[in-house]
Amino acid sequence: MERAGVGIIEADLVMDAGPCERDIRSAARGNGIRFQNVSMSFGGNRGGHPTLAVDDFSLEVAENEFLVIVGPSGCGKSTLLAMAGGLTQPTTGRLSLGDEPIVKPGPDKAIVFQTFSLFPWMTVIDNIEFGMRLNGVSPAERQRRIDYYLPIIGLKGFEDHYPKQLSGGMQQRVAIARCLVLRPRLLLMDEPFAALDAQNRTVMQEELVRVWSAHRPTVIFVTHSVEEAVFLADRIVVMTRRPGRIKDVIDVRDTTGAQHWRAAPLDQVMRRSDFQDLRGRVWDLIRDEIVIE
Amino acid sequence: MAGVAAWILVWWGVVSVFKVPPEFLPSPWQVAKKILWLAANDIGEGKLWLHLGWSLLRFLSGFMLAMALGVPLGLLMGHFRPAREMLNPLFEMLRNVPPIAWAPFSLLWFGASFGSQAFVIFVAAFPPILMNTQQGVRLTDKGLISAARMLGAGSFTLLFEIGLPAAAPAVIAGLRIGLANGWLALVGAEIIAGPGALTGLGFLVLVGQQNLQATITIGAMALIGIIGASLDYALCRLEASVARGA
Ligand SMILES: Nc1ncnc2c1ncn2[C@@H]1O[C@H](COP(=O)(O)OP(=O)(O)OP(=O)(O)O)[C@@H](O)[C@H]1O
Ligand SMILES: [Mg+2]
Numbered sequence: 021m022e023r024a025g026v027g028i029i030e031a032d033l034v035m036d037a038g039p040c041e042r043d044i045r046s047a048a049r050g051n052g053i054r055f056q057n058v059s060m061s062f063g064g065n066r067g068g069h070p071t072l073a074v075d076d077f078s079l080e081v082a083e084n085e086f087l088v089i090v091g092p093s094g095c096g097k098s099t100l101l102a103m104a105g106g107l108t109q110p111t112t113g114r115l116s117l118g119d120e121p122i123v124k125p126g127p128d129k130a131i132v133f134q135t136f137s138l139f140p141w142m143t144v145i146d147n148i149e150f151g152m153r154l155n156g157v158s159p160a161e162r163q164r165r166i167d168y169y170l171p172i173i174g175l176k177g178f179e180d181h182y183p184k185q186l187s188g189g190m191q192q193r194v195a196i197a198r199c200l201v202l203r204p205r206l207l208l209m210d211e212p213f214a215a216l217d218a219q220n221r222t223v224m225q226e227e228l229v230r231v232w233s234a235h236r237p238t239v240i241f242v243t244h245s246v247e248e249a250v251f252l253a254d255r256i257v258v259m260t261r262r263p264g265r266i267k268d269v270i271d272v273r274d275t276t277g278a279q280h281w282r283a284a285p286l287d288q289v290m291r292r293s294d295f296q297d298l299r300g301r302v303w304d305l306i307r308d309e310i311v312i313e
Numbered sequence: 326m327a328g329v330a331a332w333i334l335v336w337w338g339v340v341s342v343f344k345v346p347p348e349f350l351p352s353p354w355q356v357a358k359k360i361l362w363l364a365a366n367d368i369g370e371g372k373l374w375l376h377l378g379w380s381l382l383r384f385l386s387g388f389m390l391a392m393a394l395g396v397p398l399g400l401l402m403g404h405f406r407p408a409r410e411m412l413n414p415l416f417e418m419l420r421n422v423p424p425i426a427w428a429p430f431s432l433l434w435f436g437a438s439f440g441s442q443a444f445v446i447f448v449a450a451f452p453p454i455l456m457n458t459q460q461g462v463r464l465t466d467k468g469l470i471s472a473a474r475m476l477g478a479g480s481f482t483l484l485f486e487i488g489l490p491a492a493a494p495a496v497i498a499g500l501r502i503g504l505a506n507g508w509l510a511l512v513g514a515e516i517i518a519g520p521g522a523l524t525g526l527g528f529l530v531l532v533g534q535q536n537l538q539a540t541i542t543i544g545a546m547a548l549i550g551i552i553g554a555s556l557d558y559a560l561c562r563l564e565a566s567v568a569r570g571a
């Protein structure tokens, strides 16, 4: 099935991307991710009860798919991303990327952490460059990618600032850029826009669609915003409260058809009644799961 | 600074009001004059600068060695659990032994020489440097480690490009403590671990005592205090500049 990537606008953008021509590795097939009966429980500290964070989670995310996970706080979303990124191994079950099991972290599975985790002793540029340097990207190519992404994330002029000199939203954008420059096969984003105000959030959502369209890594994107989920996702996974299970999977493309609405500006999309309806549907699913503990 | 000056005034006041005999407690003025006298006249093997120079050299040799061994070993122990578990009991034990208690062994191993004095200073400065470095590496934000591994960092990069800078504030705090400890051990080291040496601030302290010249002893003590404070100040500045980056 052909989807958003063939829209005229996005086809243009692929060329627009200029120096960011497709990476050979990520153009290869086999970047889908598969969760097979994945469960994760954390051992209780000092005799406490273990916590079952994720319970029997099975899902296949297709190559190039933009998957969004929503669910109440503490339902195991970050845990799922950590496992997909190879940072932790599930207690039971298996994960694979393409045909390889996911056993360790690496730059092909980039993660935008909920807490940013920028290196405080490195400037913006050094933070963005660090991963590329570790992976043998040539200095010239590093510079080209930085020149490409820096204006997109709106941090031109802040190259030599340290993270603590930036606002939360700016730090989050550096964390995103540090992943994008790696051209990952899999892009895992944990509430990447949570620290942004509504206006910047909209701009960043649209920019994300743009840069993502340029080489389309498989994305798993966690958010608390139903609107953001409905705007960005190919499919939305709604999770139950802890222990996290899949409550429902909603295919946004059933509503949008082949021409996904994320190619258009958000304020236009928001006025569509089918967008509103879908948002209401997802919100109703989540509402049942929210309990104030 | 003003605080120091005030206390010197108090000292002066006490000495002149109660007419304290100079052998018992000389006045600041007498001490200052004696320091100037020491700068111009030989005592032991030479003038004041020679004593200062030797003391600093002994101190720096011991301290630099403590730094050169303590930081890398601390990094390793912070990074590799087996290294930590093997070596920590040893150092936990050793660091509770007062440095000067090493003097007899030090004399045995290095003779009554520069080496044995530097060794006592090394023993004093080493534990806090090692412990702090280790702790700093061990307490590196787990998120930063995850991020680095995600970006492709191997063990070597994790240790030197993440662990070390993340631990830098703790390392410098350890250096400051080590510096103070080492400097405090200097006089003892010079008196006990270097019998026969006719140089150093410790020697001046001793000479003052033996010749009933309280001015020399207090003059040397004052210099020790001033130099110790200056060294600490220098590291303080370094600490501040690292903190600015982090
Ligand atoms: N390292 C850990 N040790 C012990 N328990 C953990 C650990 N990490 C997560 N948990 C537990 O697992 C559950 C899921 O945590 P997780 O961070 O994945 O939730 P989340 O869905 O990302 O929540 P939020 O929306 O608030 O970010 C929580 O109950 C949490 O307490
Ligand atoms: Mg989370």
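These protein sequence lines map, in sequence, to chains A and B. If you want the working numbering, it's the 1-based position in the first sequence plus 20. If you want the working numbering, it's the 1-based position in the second sequence plus 325. Cβ atoms here follow ideal geometry from the backbone N, Cα and C, with glycine treated the same way.
* Asked: Under the criterion of a Cβ to heavy atom distance below 7 Å, does ASP254(A) qualify as lining ligand 2?
  -> What you label residue 254(A) is simply residue 234 of the first sequence in a count that begins at 1. No, since every heavy atom of ligand 2 falls outside the 7 Å radius drawn around the Cβ of ASP254(A).
* If you measure from each residue's Cβ to the nearest non-hydrogen atom of ligand 2, which ones come out under 7 Å, in chain order? -> Qualifying residues, in the order they occur: LYS97(A), SER98(A), GLN134(A), ASP210(A), GLU211(A) and VAL242(A).
* Asked: In chain A, which residues lie less than 9 Å from PRO490(B) when you measure between Cβ atoms?
  -> Indexing the second sequence from 1 puts residue 490(B) at position 165. One finds PHE139, PRO140, TRP141 and MET142 in chain A with Cβ atoms closer than 9 Å to the Cβ of PRO490(B), taken in chain order.
* To do: Kindly examine ligand 1 and report whether one of its heavy atoms sits closer than 7 Å to the Cβ of SER471(B).
  => Along the second sequence, read from residue 1 onward, the residue named residue 471(B) stands at position 146. No - ligand 1 has no heavy atom lying nearer than 7 Å to the Cβ of SER471(B).
* Proximity of ILE266(A) and PRO92(A) at Cβ, strictly below 8 Å -> As a working note, residue 266(A) is residue 246 in the first sequence. As a working note, residue 92(A) is residue 72 in the first sequence. Their beta carbons are not under 8 Å apart, which means ILE266(A) does not touch PRO92(A) by this criterion.
* Asked: Taking the DSSP output, what are the residues bridged to ALA130(A)?
  -> By 1-based counting over the first sequence, the position of residue 130(A) is 110. Answer by DSSP bridge pairing, in chain order: LEU207(A).
* To do: List the residues of chain B that ASN155(A) touches, going by C-beta distances under 7 Å, in chain order.
  => Here the question's residue 155(A) lines up with position 135 in the first sequence. Under the 7 Å cutoff, chain B gives GLY477.
* So, using beta-carbon positions, are PRO414(B) and VAL445(B) closer together than 8 Å? -> Here residue 414(B) corresponds to residue number 89 of the second sequence, with the count starting at 1. Here residue 445(B) corresponds to residue number 120 of the second sequence, with the count starting at 1. Going by C-beta atoms, PRO414(B) is not nearer than 8 Å to VAL445(B).
* Asked: Can you name the residues of chain B whose CB is closer than 9 Å to the CB of PHE62(A)?
  -> One-based indexing of the first sequence puts residue 62(A) at position 42. Here the premise fails: no neighbours, minimum Cβ distance about 14 Å.
* **Run of the alpha helix (DSSP H) containing THR238(A), from where it starts to where it stops** => Taking the first residue of the first sequence as 1, we reach residue 238(A) at position 218. DSSP places THR238(A) in no alpha helix (DSSP H) but in the uninterrupted beta strand (DSSP E) bounded by 238-242.
* May I ask you to report which of helix, strand or coil DSSP gives ILE266(A)? => As a position in the first sequence, residue 266(A) is number 246, starting the count at 1. Note: ILE266(A) maps to strand in three-state DSSP.
* Enclosing alpha helix (DSSP H) for SER341(B) [first to last residue] -> If you number the second sequence from 1, residue 341(B) lands on position 16. For SER341(B), the uninterrupted alpha helix (DSSP H) run begins and ends at 327-342, by DSSP.
* In whole angstroms, what is the alpha-carbon distance linking HIS327(A) and SER566(B)? -> Since the first residue of chain A shown is 21 and the last is 313, residue 327(A) is not available in this structure.
* **Simplified DSSP state of MET35(A), which is helix, strand or coil** => Here the question's residue 35(A) lines up with position 15 in the first sequence. Because the pLDDT at MET35(A) is just 36, under 50, the model does not fix this residue reliably, and the value given afterwards should be weighed accordingly. MET35(A) carries a helical assignment under DSSP once its states are collapsed to helix, strand and coil.
* Between ASN57(A) and LEU117(A), which are expected to be in contact by the criterion C-beta below 8 Å, what is the C-beta distance as a whole number of angstroms? -> Your numbering for residue 57(A) matches position 37 in the first sequence. Your numbering for residue 117(A) matches position 97 in the first sequence. Taking a contact as a CB-CB distance under 8 Å, the pair ASN57(A) and LEU117(A) does not count as one, their CB atoms being some 17 Å apart.
* To do: For the region 271-284 of chain A, enumerate the residues whose C-beta is nearer than 8 Å to any C-beta of chain B, in chain order.
  => Going along the region 271-284 of chain A in chain order, one finds no residue with a Cβ nearer than 8 Å to chain B.
* Asked: Which class does ARG54(A) belong to by DSSP, given the choice of helix, strand or coil?
  -> Counted from its first residue, the first sequence places residue 54(A) at position 34. Strand, per DSSP.
* Is GLY91(A) near ligand 1, with its Cβ less than 7 Å from a heavy atom? -> If you number the first sequence from 1, residue 91(A) lands on position 71. Yes.
* **N-terminal and C-terminal residue of the beta strand (DSSP E) that PHE213(A) is part of** => Taking the first sequence and counting its residues from 1, the one referred to as residue 213(A) is at position 193. In the DSSP annotation of this structure, PHE213(A) is not part of any beta strand (DSSP E), being labelled neither H nor E.
* Enumerate in chain order the residues of its own chain whose CB-to-CB distance from ASP297(A) is below 6 Å, with the five nearest sequence positions on each side excluded. => Here residue 297(A) is taken as the residue at index 277 of the first sequence, counted from 1. Counting only Cβ-Cβ distances below 6 Å, and skipping sequence neighbours, we find nothing.
* Asked: If the cut is a Cβ gap below 7 Å, which residues of chain B does THR260(A) touch?
  -> Numbered from 1 along the first sequence, position 240 holds the residue referred to as residue 260(A). In chain order: nothing, as chain B lies at least about 26 Å away.
* Kindly list, in the order they appear in chain B, the residues whose Cβ is closer than 7 Å to that of ALA130(A). => Within the first sequence, the letter at position 110 stands for residue 130(A). Result: MET475.
* Asked: Is the region 101-109 of chain A touching the region 124-136 of chain A, taking contact as three or more C-beta pairs under 8 Å?
  -> When Cβ pairs closer than 8 Å are counted between the two stretches, the region 101-109 of chain A is seen to touch the region 124-136 of chain A, the count reaching three or more.
* **Spatial distance of HIS201(A) from PHE451(B) (CA atoms)** => For the purposes of this step, residue 201(A) is taken as residue 181 along the first sequence, with counting starting at 1. For the purposes of this step, residue 451(B) is taken as residue 126 along the second sequence, with counting starting at 1. Going by the sequence as given, residue 201(A) is Val instead of His. Approximately 43 Å, taken between the alpha carbons.
* **Strand pairing of ILE497(B), partner residues [DSSP]** => As a first step, residue 497(B) is located in the second sequence; it is residue number 172 there, counting from the start. Answer is none; ILE497(B) lacks a bridge partner.
* Going by other Cβ atoms of all chains shown within 10 Å of its Cβ, with 16 needed for buried, is HIS404(B) buried or exposed? -> For the purposes of this step, residue 404(B) is taken as residue 79 along the second sequence, with counting starting at 1. HIS404(B) counts as buried, since at least 16 other C-beta atoms from the protein chains shown sit within 10 angstroms of its C-beta.
* **Cβ distance (whole Å) where VAL81(A) is taken to contact THR243(A) below 8 Å** => By 1-based counting over the first sequence, the position of residue 81(A) is 61. By 1-based counting over the first sequence, the position of residue 243(A) is 223. The C-beta distance from VAL81(A) to THR243(A) rounds to 16 Å, too long to meet the 8 Å contact threshold.
* Cβ pair count under 8 Å reaching 3, the region 510-527 of chain B against the region 331-339 of chain B -> In this structure the region 510-527 of chain B does not touch the region 331-339 of chain B; the number of beta carbon pairs closer than 8 Å is below three.
* Kindly identify the DSSP beta-bridge partner or partners of VAL88(A). => In the first sequence, the residue the question calls residue 88(A) occupies position 68. In the DSSP secondary-structure assignment, VAL88(A) is bridged to PHE241(A) and ILE256(A).
* To do: Label ASN506(B) either buried or exposed according to how many other C-beta atoms from any shown protein chain fall within 10 Å of its C-beta, with 16 as the threshold for buried.
  => Residue numbering aside, residue 506(B) sits at position 181 when the second sequence is read from its first letter. By the 10 Å Cβ count, ASN506(B) comes out buried.
* Asked: Residues bridged to ARG114(A) by DSSP?
  -> Your numbering for residue 114(A) matches position 94 in the first sequence. GLN56(A), per the DSSP bridge assignment.
* Tell me whether PHE77(A) counts as near ligand 1, meaning its Cβ is closer than 7 Å to at least one heavy atom of that ligand. => To locate residue 77(A), count along the first sequence from 1; it is residue 57. Incorrect: PHE77(A) has no Cβ contact closer than 7 Å to ligand 1.
* Asked: Alpha carbon to alpha carbon, how far is GLY63(A) from HIS69(A)?
  -> Locating residue 63(A) in the first sequence gives position 43, counting from the first residue. Locating residue 69(A) in the first sequence gives position 49, counting from the first residue. Their backbone Cα atoms lie some 7 Å apart in a straight line.
* Asked: Does the beta carbon of GLY94(A) fall short of 7 Å from some heavy atom of ligand 1?
  -> For the purposes of this step, residue 94(A) is identified with residue 74 of the first sequence, where counting begins at 1. Correct: GLY94(A) has its Cβ closer than 7 Å to ligand 1.
* Please indicate yes or no: does the CB of ALA215(A) lie closer than 7 Å to some heavy atom of ligand 1? => The sequence position of residue 215(A) within the first sequence is 195, counting from 1. Relative to ligand 1, the beta carbon of ALA215(A) is positioned no closer than 7 Å to any heavy atom.
* Heavy atom of ligand 1 less than 7 Å from the Cβ of THR465(B), yes or no? -> By one-based count along the second sequence, residue 465(B) stands at place 140. It does not: the Cβ of THR465(B) is nowhere closer than 7 Å to a heavy atom of ligand 1.
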